Amino acid sequence: MVQASSQTDTGHSSAKPLSLLVAAVGVVYGDIGTSPLYTLKEVFSGGYGVPVNHDGVLGILALILWSLIWVVSIKYVVFILRADNQGEGGIMALTALARRASAPYPKLKALMVGCGLIGAALFYGDSMITPAISVLSAVEGLELAFDGIDHWVIPVALVVLVGLFLIQKHGTARIGILFGPVMVTWFVVLGALGVHGILQSPEVLKAFNPVWAVRFFIVHPGMGVAILGAVVLALTGAEALYADMGHFGRKPIARAWFALVLPALVLNYFGQGALLLQNPEAARNPFYLLAPGWALIPLVGLSTLATVIASQAVISGAFSLTRQAIQLGYVPRMQIQHTSSDEQGQIYIGAVNWSLMVGVILLVIGFESSGALASAYGVAVTGTMLMTTLLVSTVMLLLWKWPPLLAVPVLLGFLLVDGLFFAANVPKVVQGGAFPVLAGIVLFVLMTTWKRGKQILVERLDEGSLPLPLFIGSIRVQPPHRVEGTAVFLTARPDAVPHALLHNMLHNQVLHKQVVLLTVVSEDTPRVAAQQRFEVEAYGEGFYRVLLHFGFMDEPDVPAALKLCHLEGLDFSPMRTTYFLSRETVIASRLVGMSRWRGLLFAFLLKNANGNLRFFNLPLNRVIELGTQVEI
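Under the numbering used here, the first residue of the sequence shown carries the number 3, and numbering increases by one thereafter.
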């Protein structure tokens, strides 16, 4: 079986460092790279009351610069990227690591899982806002290029966004090759515009001194923390550095950041600041007004393309996160479509795509401008950042066993800054930020309900289960009629008789000569090597117990995996193998374990979840499903 790890390992080793760096720029840095479109605009025009004067501009620039250095450069690039789960990153991969690290402490383990689910739920809220605010802010440049075109901004933005979601099912393999060069061009243009602005007012370079940020807090004590709610816009997309680590590896992402992305961002922010020192009126849109008049329309086109790429990266990230959550058992199974025969990471999940599209459309229509959206942006991002810090704290102290004298001060610094950013964004909940929070709450409830419901379902089925040794003993005493072939019964319990087997015996009164009781185990690791994929145990009387192990980035192709299972007497040839599945119908009741409304919700999710047949890639003409009703 081809392992998913081949993409990461061989891809990193065979690809040239420069090409890998360019590809990383295209995929990883789209979100944070388009932040200059709206960050300073929101700071000075978003109703925070920041004065557009010498001290105000330098103070804000110092805050942005040192936030980029501390949060992105130090926290994510230097520390968080080290928390790789066999090369994979992202909130779910980190949750799996934290769950493993806290295994000896059940309460801590439950807390870490909760933090991971909260972070994942908030990520989906971010996945809706990022495309909306990015594309809107790019298209708003048309207002400066053409008079009286204001009413066309929303329709144009919606056309661009809907088109983006419509092409998802066709995959991004063809247009993806353009991502890197386009984003490299984008960052070069950002830097060039910044240099142009700085040369007009070199005074702005004083903002490299962090004293200006401290002075801003001293002079504006009431505004200091609140303004972090706008400054955090410069950090949106930092999570992508970690989430996309599995595609490129740590080194290309880090090199791209320090060699190109960080210098370009800093130059552009400082260039916009220099423009504001010369012309405070430019605060209405300092990014576009920084460009010469002749470059405005081409810049709008490049900005729109860059924001589409940024949105694409976020949408792809949502697909990848969903697949990981499905494998780890926190999300119902969905149909996953592969859009590339070469790259396993390129997938499409229709339910996620259309849900995100509806959310994005509602956001654009409801908020109508990037400025209004900026007032809602930041709650989900900072919440995810905070959860990431809590998770990595457990990993550093319990799994890596770093000396507390070294780890604790660093972690406290991360928690302090993340806490300040999160606190600054909490007031946004009543200013429109409730949307991503509500979306996160709904998704958190869905994930916890699904996980808990599956646990209760297994417990209820176990109550009436028959121990396997007892069943095999009865077969020896009263042998049933045996027919040729191999019967594979999927079951969650390796030590009990599957309900489908009992129903088959009851109704058909026959048994295949080879009976395989198959349990699929999802591991906390991204991938499981082929030689470690299965465990086989023979019980006699033609019965075999098979455990198939898959990582949360593996494709659970059961027939392909069983072909590797070589044991005398077992024959998994396609025309001699029949798969028996048990389909449970849940009836919500007042039994202890789950409230009635959550029981009804779980029953709905289970009914609409993608079945084992598609998820495990079972052959359609070799599957028999037997149903049973269960009260929870």
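Don't be surprised by glycine CBs; every beta carbon is placed ideally from N, CA and C.
What you are looking at is a predicted structure, and each value in this text was computed from that prediction instead of being measured.
Check	Outcome
Segments assigned alpha helix (DSSP H), at least 4 residues, entirely inside the region 297 to 334	298 to 329
Inter-residue spacing [alpha-carbon to alpha-carbon] between residue 598 and residue 80	47 Å
CB contact flag (residue 111, residue 101, <7 Å)	yes
Neighbour-count burial assignment, residue 414, 16 or more Cβ in a 10 Å radius	exposed
Expected contact under 8 Å - CB spacing of residue 430 and residue 378 to nearest Å	6 Å
Counted within 10 angstroms of its Cβ, other Cβ atoms place residue 332 as buried (16 or more) or exposed	buried
Option nearest residue 28 by Cα separation, candidates 291, 570, 185 and 517	185
Residue 4, buried or exposed, once every other Cβ within 10 Å from all chains shown has been counted against 16	Annotation note: pLDDT 29 at residue 4 (below 50); position unreliable, no value reported.
7 Å CB neighbourhood of residue 386 in its chain, flanking five on each side removed	93, 121, 124, 125, 128 and 241
Beta carbon of residue 59 nearer than 7 Å to that of residue 278	yes
Neighbourhood of residue 202 by C-beta, 8 Å cutoff - its chain only, sequence neighbours within 5 removed	276, 277 and 280
Buried or exposed (CB count within 10 angstroms, at least 16 for buried), residue 180	exposed
Opening and closing residue of the beta strand (DSSP E) in which residue 539 lies	536 to 542
Check whether residue 555 and residue 535 have beta carbons under 7 Å apart	no
Contact under 7 Å by Cβ, residue 40 with residue 305	no
Three or more C-beta pairs below 8 Å linking the region 567 to 582 and the region 302 to 320	no
Residue 274 and residue 42 closer than 7 Å at C-beta	yes
Contact belief for residue 2 with residue 359 at Cβ below 8 Å, rounded distance in angstroms	Past the boundaries of the shown model lies residue 2; the chain is included only from 3 to 634, so the question cannot be answered.
Sufficient close CB pairs (3 or more, under 8 Å) joining the region 253 to 273 to the region 402 to 418	no
Beta-bridge partners of residue 524, as assigned by DSSP	552
Nearest-angstrom Cβ-Cβ length linking residue 132 and residue 313, presumed shorter than 8 Å	6 Å
Presumed contact (8 Å Cβ cut-off) between residue 455 and residue 596, rounded CB distance	7 Å
Beta carbon of residue 182 nearer than 7 Å to that of residue 24	yes
Contact belief for residue 642 with residue 73 at Cβ below 8 Å, rounded distance in angstroms	Residue 642 lies beyond the residue range present for the chain, which begins at 3 and ends at 634; the question has no answer from this structure.
8 Å contact criterion, which residue 264 and residue 75 should meet: CB distance rounded	7 Å
Beta carbon of residue 605 nearer than 7 Å to that of residue 632	no
Touching by the beta-carbon criterion (3+ pairs, under 8 Å), the region 464 to 474 and the region 155 to 169	no
Simplified DSSP assignment, three categories, for residue 227	coil
Helix, strand or coil at residue 78 according to DSSP, with G and I counted as helix	helix
Host alpha helix (DSSP H) of residue 400 (start-end)	Residue 400 -> no alpha helix (DSSP H), and no H or E assigned at all.
Span separating the alpha-carbon of residue 19 from that of residue 253	9 Å
Integer-rounded CB distance, given that residue 550 should sit under 8 Å from residue 520	7 Å
Length of the line joining the Cα atoms of residue 334 and residue 134	27 Å
Residue range of the unbroken beta strand (DSSP E) whose run includes residue 489	483 to 492
Residue 21 - containing alpha helix (DSSP H), residue span	19 to 30
Test item: CB-CB of residue 356 and residue 212 under 7 Å	no
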